[in-house]
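This report refers to the structure that appears directly beneath it.
Chains as they are written, first to last, in my numbering: chain Z, 536 to 676; chain V, 1014 to 1132.
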């Protein structure tokens, strides 16, 4: 883990299997995040969708499921448009804790991906300018 | 950089990019560093106007100016568009928000299950 790794822990009042289903089930992912194209499966690619204003789907987050150890550990790559193809890694760890679940997240590789995002930003100046500016404005709030 | 300074820096960047001429200047500088004269040659506007645009871009942290000999060369500062710190902050808040929503969603379903068991 480096100084640019994000790590978070929360306690959830539910069993690990229940929490696990919200990390891997395509519809349940949509309840707190974005719906997936299919349930997450080991070594398979995944795509999480958002909706454009006209109702069409756009891919929001995508990557590959690297490791799946139900119900204790899930590792995926995590790619977003501005990262210009650079992969970051998201790891979920689920532990039994006082009748509920201690859920820990680490997100690694953001600094490296951010270096690539600047170039992406420049090449996108012409096309999706307003879109990017809007996203940037949102993200610096 | 603290959140307020960062937000201030971002506002400077937005202001700098709000103008189409300045966006064109950024495009040119993304290909190579240029002196004011070289930038002026690519536009149909006065040197004074270009100079003003360059100052706004510099204030926004999107370009830097380097004296080389008697010339002053304008160089793009790509990280000014979004700093590494900006992305880390973004995901820091993003995951706080998402994990809180996740806990709410899980516990809601858990309550539902418990009610069904009681029936």
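In this text, a Cβ means the ideal position worked out from N, Cα and C, and glycines have one as well.
- The closest CA to that of residue 622(Z), considering only 628(Z), 630(Z), 613(Z), is found on 613(Z).
- When DSSP assignments are scanned along the segment 550 to 607 of chain Z, the uninterrupted stretches of beta strand (DSSP E) that are 3 or more residues long and fall wholly within it turn out to be 580 to 586, 592 to 604.
- Measuring C-alpha to C-alpha distances from residue 609(Z) to each of 559(Z), 574(Z), 592(Z), 553(Z) identifies 559(Z) as the nearest.
- The alpha-carbon of residue 591(Z) is positioned some 32 Å away from that of residue 541(Z).
- Contact check between the segment 618 to 637 of chain Z and the segment 541 to 557 of chain Z: three or more CB pairs, one atom from each, fall below 8 Å, which counts as touching.
- For the segment 554 to 586 of chain Z, the set of positions with a beta-carbon nearer than 9 Å to some beta-carbon of chain V reads 554, 556, 557, 558, 563, 566, 567, 568 in chain order.
- Residue 643(Z) counts as buried, since at least 16 other C-beta atoms from the protein chains shown sit within 10 angstroms of its C-beta.
- DSSP places residue 544(Z) outside any alpha helix (DSSP H); the residue lies instead in the beta strand (DSSP E), whose first and last residues are 541 to 547.
- Only those residues of the segment 610 to 637 of chain Z whose C-beta falls short of 7 Å from the nearest C-beta of chain V would be listed, and there are none.
- Going by DSSP, residue 637(Z) is part of the beta strand (DSSP E) stretching over 635 to 643.
- Here residue 1034(V) carries a helix assignment [DSSP, helix/strand/coil].
- For the pair residue 629(Z) and residue 606(Z), the Cα-to-Cα distance works out to about 7 Å.
- The C-beta of residue 593(Z) comes no closer than 8 Å to any C-beta of chain V.
- For the pair residue 1041(V) and residue 1056(V), the Cα-to-Cα distance works out to about 11 Å.
- Residue 1067(V): member of the alpha helix (DSSP H) spanning 1060 to 1072, first to last residue.
- Scanning chain V for C-beta atoms nearer than 7 Å to the C-beta of residue 547(Z) yields 1116, 1119, 1120, reported in chain order.
- By a beta-carbon distance limit of 8 Å, residue 1088(V) contacts residue 1046(V). Their separation comes to about 5 Å.
- Residue 1058(V) counts as exposed, since fewer than 16 other C-beta atoms from the protein chains shown sit within 10 angstroms of its C-beta.
- One Cα belongs to residue 579(Z), the other to residue 1103(V), and the distance between them is close to 27 Å.
- When rounded, the separation of the alpha-carbon atoms in residue 645(Z) and residue 577(Z) is 23 Å.
- Taking the CA atoms as reference points, residue 1034(V) sits about 24 Å from residue 1080(V).
- The beta carbon of residue 539(Z) falls within 8 Å of a beta carbon belonging to chain V, placing the residue at that interface.
- Around the beta carbon of residue 1073(V), a 10 Å sphere encloses 16 or more other beta carbons of the protein chains shown; the residue is thus reported as buried.
- By the Cβ-count criterion, residue 1029(V) is buried, with 16 or more other Cβ atoms from all chains shown falling within 10 Å of its own Cβ.
- Contact between residue 1049(V) and residue 1060(V) holds: CB atoms are separated by about 7 Å, below the 8 Å threshold.
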